[in-house]
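Counting with my numbering, you get residues 770 to 971 for the letters of the sequence shown. The beta carbon of each residue, even a glycine, is placed where N, CA and C say it ideally should be. Everything numeric in this text was worked out from a predicted model, so none of it was measured. Here the structure comes first, spelled out in structure tokens, and everything after it is commentary.
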Amino acid sequence: MKKESQPTRGRRRGFDRDEAVDMAMRLFWRHGYEGVSINDLTGAMGIAPPSLYAAFGTKADLYREALQRYTDRPETQFHPEPRGTLAETIRHLLETAADAVTSPDGETGCMVSTGLLACGEAHVDLAQEVAAIRKGMHPQLVALLKRWLAPRNAQATATYLLTLMQGMAIQARDGAGRATLQQTIEISLSGLPGNQAAKSDA
770 MKKESQPTRG RRRGFDRDEA VDMAMRLFWR HGYEGVSIND LTGAMGIAPP
820 SLYAAFGTKA DLYREALQRY TDRPETQFHP EPRGTLAETI RHLLETAADA
870 VTSPDGETGC MVSTGLLACG EAHVDLAQEV AAIRKGMHPQ LVALLKRWLA
920 PRNAQATATY LLTLMQGMAI QARDGAGRAT LQQTIEISLS GLPGNQAAKS
970 DA
């Protein structure tokens with residue numbers, strides 16, 4: 770009589786590519802690109818290095834995919850929209866950013882704001898790609914702010930707000946809580962001149 774074949778001992782469950790990208794995103798978000806090794810990635814995913822390379826290509830390719838996963842998350846997408854007045858719009862923008870970098874369900878800080886700010890020569894191209902994402906936020910903000918501000922003021926205010934958002938991401942990474950960031954937001958809002966909404970370069 771033919772015996773039933775027994776399952777191979779120790780066989781791991783099927784490789785879940787989606788789950789693996791999420792794991793990589795968390796690691797890169799927490800430790801940065803150069804702070805994560807291939808061994809870190811394969812250990813978290815439960816696969817061997819050849820399997821990682823076969824599935825994703827290089828470590829840089831996996832980082833790009835993880836970064837795309839990060840920017841596709843609803844809470845980290847950047848599509849600024851008007852919210853009534855200029856002050857209400859800025860408040861919503863900053864409070865949304867503060868929520869994203871202090872989310873109890875995720876890592877602290879921002880994978881884009883703090884991603885590859887400093888790196889070795891081998892990763893310059895990758896760093897430029899991340900920088901391009903940051904720079905791409907500026908024209909979106911300028912277009913929004915032009916609803917209330919003259920072009921020159923909109924440019925300067927967009928730069929100020931992005932600087933503030935990036936600073937909050939770094940503060941959150943260093944341990945600042947949501948309440949602390951809210952204090953920063955309130956101070957920034959109190960500094961808005963009453964005539965800032967006027968469309969004048971005077």
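Secondary structure of residue i, DSSP reduced to three states
{"i": "F847", "result": "coil"}
{"i": "Q875", "result": "Here the sequence assigns Gly to residue 875, which means Gln is not the residue at that position. DSSP places G875 in coil when its eight states are reduced to three."}
{"i": "R921", "result": "helix"}
{"i": "V870", "result": "helix"}
{"i": "S957", "result": "helix"}
{"i": "R838", "result": "helix"}
{"i": "F797", "result": "helix"}
Other residues of its chain near residue i: CB distance less than 8 Å, five sequence neighbours each side excluded
{"i": "R947", "result": "A867, D868, T871"}
{"i": "R778", "result": "Residue placement at R778 cannot be trusted, given a pLDDT of 42 that sits under 50; the coordinates are not used to answer."}
{"i": "L961", "result": "L855, A856, I859"}
{"i": "V881", "result": "L836, Y839, T840, T845, V899, I902, R903"}
Option in the options with minimal Cα separation from residue i
{"i": "T932", "options": "N922, I956, H907, R942", "result": "H907"}
{"i": "L950", "options": "M937, A919, L796", "result": "M937"}
{"i": "V899", "options": "A927, S959, T840", "result": "T840"}
N-terminal and C-terminal residue of the alpha helix (DSSP H) that residue i is part of
{"i": "D894", "result": "893 to 914"}
{"i": "G853", "result": "No alpha helix (DSSP H) holds G853; DSSP gives it neither H nor E."}
{"i": "L885", "result": "No alpha helix (DSSP H) contains L885, which DSSP labels as neither H nor E."}
Other residues of its chain near residue i: CB distance less than 7 Å, five sequence neighbours each side excluded
{"i": "E876", "result": "R795, W798, R799"}
{"i": "R942", "result": "T877, G878, T883"}
{"i": "A813", "result": "M792, L796"}
{"i": "T953", "result": "M937"}
6 Å CB neighbourhood of residue i in its chain, flanking five on each side removed
{"i": "M934", "result": "A866"}
{"i": "F825", "result": "L831"}
{"i": "Y802", "result": "Y832, L885"}
{"i": "S959", "result": "none"}
Contact the region 911 to 921 vs the region 827 to 845: 3+ CB pairs below 8 Å: no
Inter-stretch contact (C-beta, 8 Å, three-pair minimum) for the region 782 to 792 and the region 805 to 820: yes
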